[in-house]
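Colleague:
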Amino acid sequence: MAQAAPVSGTPRTSGSTDVFGERTHTIAKWAVPVAGGLIYGFWAANINRNAGAVTGWNVLFGFVCAIAFAAAYMGVRTVAPLMRREMHALLWAVFAGCAFGFLYSQTDATVLRSVFMSLPVAVGVFAVAFYRYYTHEDGTGKAR
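Put into structure tokens, the structure is as follows:
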């Protein structure tokens, strides 16, 4: 490398590493939950119809799932940053586990099997999220 690494304690030339503008963040704030909800709803409706014909109830089920997923995602995204890093990661893990468990339950699996299949997903999300928040936030949840 031709450049020296910055020494700890020296200020950086740029205060932000953000490459996108405010408008892009505003669009993404709404586009990500809507797109994620539509994908989730389509996936749930597709599993629910079990390779049968597409019906009006199936389409309604997909849209209800999409709205519920998008609302829960926006709720978690709004509330989670206000919490300490442990609870922040736990909230995302619960969200991911519930979302996966509901999709798995659409395969006519028992409730107990759905819970046991969603636990590894929740544990994995918790481990990744906790590591990320532990390395990027202080103990109170503020970015370093």
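Residue numbers (our numbering): 910 to 1053.
Glycine residues also receive a C-beta, built at the ideal position from the N, C-alpha and C atoms.
1) At which residues does the alpha helix (DSSP H) containing M996 begin and terminate?
2) Within the chosen definition, does the stretch 1026 to 1038 reach the stretch 961 to 981 through at least 3 CB pairs nearer than 8 Å?
3) If we ignore side chains and look at the alpha-carbon of each, how far apart do R1022 and A1036 end up?
4) Assign A1005 to buried or exposed, taking buried as 16 or more other Cβ atoms, counted over all protein chains shown, within 10 Å of its Cβ.
5) Is the beta carbon of F978 less than 8 Å from the beta carbon of G945?
6) Measuring straight from C-alpha to C-alpha, what distance separates F1025 and T1016?
7) Would you please state the rounded distance, in angstroms, between the beta carbons of Y1042 and R994? I believe it to be under 8 Å.
8) Taking only the alpha-carbon atoms, compute the straight-line gap between V1020 and N957 and give it to the nearest angstrom.
9) Taking the alpha carbon of L1000 as the reference point, which residue from E931, R932, A1038 has its own alpha carbon closest?
10) Taking 8 Å as the cut-off, decide whether the C-beta atoms of L1012 and W952 are in contact.
11) In the stretch 925 to 997, which residue ranges form an unbroken beta strand (DSSP E) of at least 3 residues, counting only runs that do not cross its ends?
12) Tell whether a beta-carbon distance below 8 Å holds between M983 and P942.
13) Helix, strand or coil for A1038? Go by DSSP, reduced to three states.
Modeller: Quick look at the numbers:
1) In the sequence shown, residue 996 corresponds to position 87, counting from 1. From DSSP, the alpha helix (DSSP H) with M996 extends over 994 to 1014.
2) no
3) Against the sequence shown, residue 1022 aligns to sequence position 113. Against the sequence shown, residue 1036 aligns to sequence position 127. So the two alpha carbons sit approximately 22 Å from each other.
4) Counting from one through the sequence shown, the residue named residue 1005 turns up at place 96. The residue in question, A1005, is buried, as its Cβ has 16 or more Cβ neighbours within 10 Å.
5) Walking along the sequence shown from the start, residue 978 turns up at place 69. Walking along the sequence shown from the start, residue 945 turns up at place 36. Yes. Within cutoff.
6) Locating residue 1025 in the sequence shown gives position 116, counting from the first residue. Locating residue 1016 in the sequence shown gives position 107, counting from the first residue. Answer to the nearest angstrom: the Cα atoms are 14 Å apart.
7) Within the sequence shown, the letter at position 133 stands for residue 1042. Within the sequence shown, the letter at position 85 stands for residue 994. 4 Å between Cβ atoms; contact.
8) As a first step, residue 1020 must be located in the sequence shown, where it is residue number 111. As a first step, residue 957 must be located in the sequence shown, where it is residue number 48. About 15 Å.
9) Here the question's residue 1000 lines up with position 91 in the sequence shown. Residue A1038 is the option with its Cα nearest to L1000.
10) Stepping through the sequence shown from its first residue, residue 1012 is reached at position 103. Stepping through the sequence shown from its first residue, residue 952 is reached at position 43. Cβ atoms of L1012 and W952: closer than 8 Å.
11) none
12) Counted from its first residue, the sequence shown places residue 983 at position 74. Counted from its first residue, the sequence shown places residue 942 at position 33. Cβ distance < 8 Å, so M983 and P942 count as in contact.
13) Position 129 of the sequence shown holds residue 1038. Helix at A1038.
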